[in-house]
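Peer 1: First, the structure itself, so that you have it in front of you.
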Amino acid sequence: MPGPITDPTTSHTITVTEDSEGTRLDRFLASVLPGHSRSQIQRLIREGQVHVAGHEAKANQPVRVGQSITVTLPEPVDPTPQPEALPLAILYQDHDVVVVDKPAGMVVHPAAGHVSGTLVNALLHHLDDLSGIGGEKRPGIVHRLDRGTSGLMVVAKHDAAHEELSRQFRDREVEKEYIALVWGTVQAGRRIDVPIGRDQANRKKMSARARRSREAVTRIVRADHLRAFTLVRVAIHTGRTHQIRVHLSAIGHPVVADPLYGGVHRRVPGDLRAVTHLERPFLHAARLAFKHPGDGRRMEFTSELPADLRQVLDELKETA
1 MPGPITDPTT
11 SHTITVTEDS
21 EGTRLDRFLA
31 SVLPGHSRSQ
41 IQRLIREGQV
51 HVAGHEAKAN
61 QPVRVGQSIT
71 VTLPEPVDPT
81 PQPEALPLAI
91 LYQDHDVVVV
101 DKPAGMVVHP
111 AAGHVSGTLV
121 NALLHHLDDL
131 SGIGGEKRPG
141 IVHRLDRGTS
151 GLMVVAKHDA
161 AHEELSRQFR
171 DREVEKEYIA
181 LVWGTVQAGR
191 RIDVPIGRDQ
201 ANRKKMSARA
211 RRSREAVTRI
221 VRADHLRAFT
231 LVRVAIHTGR
241 THQIRVHLSA
251 IGHPVVADPL
261 YGGVHRRVPG
271 DLRAVTHLER
281 PFLHAARLAF
291 KHPGDGRRME
301 FTSELPADLR
311 QVLDELKETA
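Per this note's numbering, the sequence shown starts with residue 1, numbered consecutively.
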């Protein structure tokens, strides 16, 4: 087997040796490219960055002795987030915490495919101090919202505040309410107590039918019926990934404009077409309450629906 490649910045040509004969291409490359997982290798292959004997390759093809494999690796990215002058709605700030109103479309922290333009980049520009417990990519981040979800988040300015806020989230002392527009008619008072885990067929999704699941509890506290939809206020007692979206879809009432969980309908009557204008799920973190990590006083914040969601509601009411 050829020796490991350590230079991350260039295009490399690797010659297959006898001991690697018949190995899947993605497995072979993962063994000679330290720091690159099979999934990362597979992505390079899909993007056309891997060629075998001059031809684009497939992840599952076996390698043969003497073959020349060319791999083009992306330029390395500095893992440390940089401050960026992004607009940020700061609702409250003191020596311990910051409460922000995250816009839809903004990722919370840097990750693969999103190394800039995140909430963390904005926080680093607007604030001098953030906790470091979450690691260099997640300074101050105690909890998250999905990229397409707008609304309230609390951020820790130092490690002691981070630890106390994390404890409150872990012990389910933080009150979180969301506003969502869902398909169909839902009644207030409904409790959805269904475990959630990673979807086995699509790793980008969560599922209410996964073999490995964790407890998840969602409660519909208010429901206003509007044509073919219901505007719901939802409280979550746990904080699983995509929890509200998964639970509402599981009971047959997916969030409007949610492409991942069945909320996008191809055929919508003309008088309901306002919902087709949405470019993200109709989901907004509208209320957040917690105890101040410094002095223990109760703090509660609310956020109005942003303009894109409000416009949809107004158009639906006008055509009623």
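A virtual CB, placed ideally from N, CA and C, is assigned to each residue, including glycine.
Because the structure is a prediction, the values reported are computed rather than measured.
(1) Can you look up Gln93 in the DSSP assignment and give me helix, strand or coil?
(2) DSSP state of His126, grouped into three classes?
(3) Once you ignore the five residues that flank Asp224 on each side, which residues in its own chain have a CB closer than 6 Å to its CB?
(4) Starting from Lys291, trace the beta strand (DSSP E) both ways and give me its first and last residue.
(5) Among residues of its own chain, excluding the 5 on either side of Leu165, which ones have a beta-carbon nearer than 6 Å to its beta-carbon?
(6) Does the Cβ of Arg310 have 16 or more other Cβ atoms within 10 Å, making it buried, or fewer, making it exposed?
(7) State yes or no: is the C-beta of Ile45 within less than 7 Å of the C-beta of Ala59?
(8) Hey, how far is the Cα of Leu145 from the Cα of Met153?
(9) May I have the straight-line CA-CA distance separating Arg64 from Arg24, to the nearest angstrom?
(10) My assumption, with CB atoms under 8 Å, is that Pro139 sits in contact with Val120. Please give the rounded CB distance.
(11) Which residue's Cα is closest to the Cα of His55: Gln42, Gly66, Pro62 and Thr70?
(12) What is the residue span of the alpha helix (DSSP H) that Ile45 lies within?
(13) Would you mind reading off the limits of the beta strand (DSSP E) that contains Asp159?
(14) Can you confirm whether the segment 261-274 touches the segment 289-304 when touching is taken to mean that 3 or more C-beta pairs between the two stretches lie within less than 8 Å?
(15) Is DSSP giving Asp224 helix, strand or coil here?
(16) From the DSSP output, which residues share a beta bridge with Lys137?
(17) Let's see if you can read the secondary structure: which residues bound the beta strand (DSSP E) around Lys176?
(18) Give me the Cβ distance between Leu73 and Ile179, rounded to the nearest whole Å; I'm assuming they're in contact under 8 Å.
(19) If you run the structure through DSSP and keep just helix, strand and coil, what is Val142?
(20) Looking only at C-alpha atoms, which of Asp96, Pro79 and Tyr261 sits nearest to Asp129?
(21) Measure the beta-carbon distance from Ser20 to Phe28 and round it to whole angstroms, keeping in mind my assumption that it falls under 8 Å.
(22) Considering only the beta carbon of each residue, do Ala257 and Arg222 sit closer than 7 Å?
Peer 2: Once the coordinates are examined:
(1) Strand, per DSSP.
(2) Helix.
(3) Once the five neighbours on either side are set aside, the close Cβ partners of Asp224 are Leu231.
(4) Looking at the DSSP string, the run of the beta strand (DSSP E) that includes Lys291 is Leu283 to Lys291.
(5) Within the same chain, Cβ atoms closer than 6 Å to the Cβ of Leu165 are found at Val142, Ala156 and Pro293, the five residues on either side in sequence being excluded.
(6) Residue environment analysis places Arg310 among the exposed positions, since fewer than 16 neighbouring C-beta atoms fall within 10 angstroms of its C-beta.
(7) Taking C-beta atoms as the reference points, Ile45 and Ala59 count as a pair closer than 7 Å.
(8) Distance from the CA of Leu145 to the CA of Met153, rounded to the nearest whole angstrom, comes to 8 Å.
(9) Cα to Cα, the separation comes out at about 10 Å.
(10) Contact holds; Cβ gap of about 6 Å.
(11) Selected option, being the one with the closest Cα: Thr70.
(12) For Ile45, the enclosing alpha helix (DSSP H) begins and ends at Arg38 to Arg46.
(13) Per DSSP, Asp159 belongs to no beta strand (DSSP E); it is in the alpha helix (DSSP H), Asp159 to Arg170.
(14) Counting Cβ pairs under 8 Å, fewer than three are found: no touch.
(15) Strand.
(16) Paired residues: none, contrary to the question.
(17) Counting along the chain, the beta strand (DSSP E) containing Lys176 begins and ends at Glu175 to Trp183.
(18) Going by Cβ atoms, the distance from Leu73 to Ile179 rounds to 44 Å, so no, they are not a contact pair.
(19) Annotated three-state conformation of Val142 is coil, per DSSP.
(20) Looking from the CA of Asp129, the closest CA among Asp96, Pro79 and Tyr261 belongs to Asp96.
(21) Right, the Cβ-Cβ distance comes to about 5 Å (below 8 Å), so this counts as a contact.
(22) Not a contact, by the Cβ cut-off of 7 Å.
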